[in-house]
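Structure first, commentary second.
In the numbering used here, the protein residues as written are 65 to 190.
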């Protein structure tokens with residue numbers, strides 16, 4: 065690894081990429097959310113149709129992906145803050161990343177039923 069680099073080619077680089085990707089995905093979700101909410105002023109019937117499509121199992125999977133993106137982005141953002149502002153942060157950035165991934169995994173397992181429970185019942189019955 066070249067001198068002076070912290071992230072090249074290892075876990076830190078992939079967390080950097082994932083942080084940017086999740087940020088862009090969250091931005092596009094917010095953009096679409098503002099647009100579909102604005103529909104209520106234009107045509108309440110169109111808004112109701114759009115909201116009805118959100119109750120499908122496929123959208124439930126997308127919501128689970130959104131939860132995953134938001135959680136990773138938030139937890140990794142805290143790690144980035146620690147790396148930047150804590151004097152020992154660069155030394156422990158790899159351990160902090162694996163801690164973030166562990167917390168993220170536990171939270172994602174915990175989000176399975178609340179986010180996907182309705183979709184599973186719809187597909188497989190109650």
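Ideal Cβ placement from N, Cα and C applies to all residues, glycine included.
CA nearest to the CA of residue i, picked from the options
i: residue 186; options: 146, 119 and 143; result: 119
i: residue 177; options: 131, 78 and 141; result: 131
i: residue 140; options: 91, 167, 124 and 150; result: 167
i: residue 184; options: 88, 161, 163 and 122; result: 122
i: residue 82; options: 102, 114, 96 and 161; result: 161
i: residue 126; options: 103, 179, 190 and 106; result: 179
i: residue 96; options: 111, 137 and 146; result: 111
i: residue 91; options: 172, 137 and 152; result: 137
i: residue 171; options: 106, 129 and 109; result: 129
Burial state of residue i, where buried means 16 or more other Cβ atoms lie within 10 Å
i: residue 77; result: exposed
i: residue 169; result: exposed
i: residue 117; result: exposed
i: residue 102; result: exposed
i: residue 79; result: buried
i: residue 104; result: exposed
i: residue 164; result: buried
Residue ranges of each beta strand (DSSP E) within the region 86-166, 3 or longer: If we require 3 residues or more, the region 86-166 turns out to have no beta strand (DSSP E) run fully inside it.
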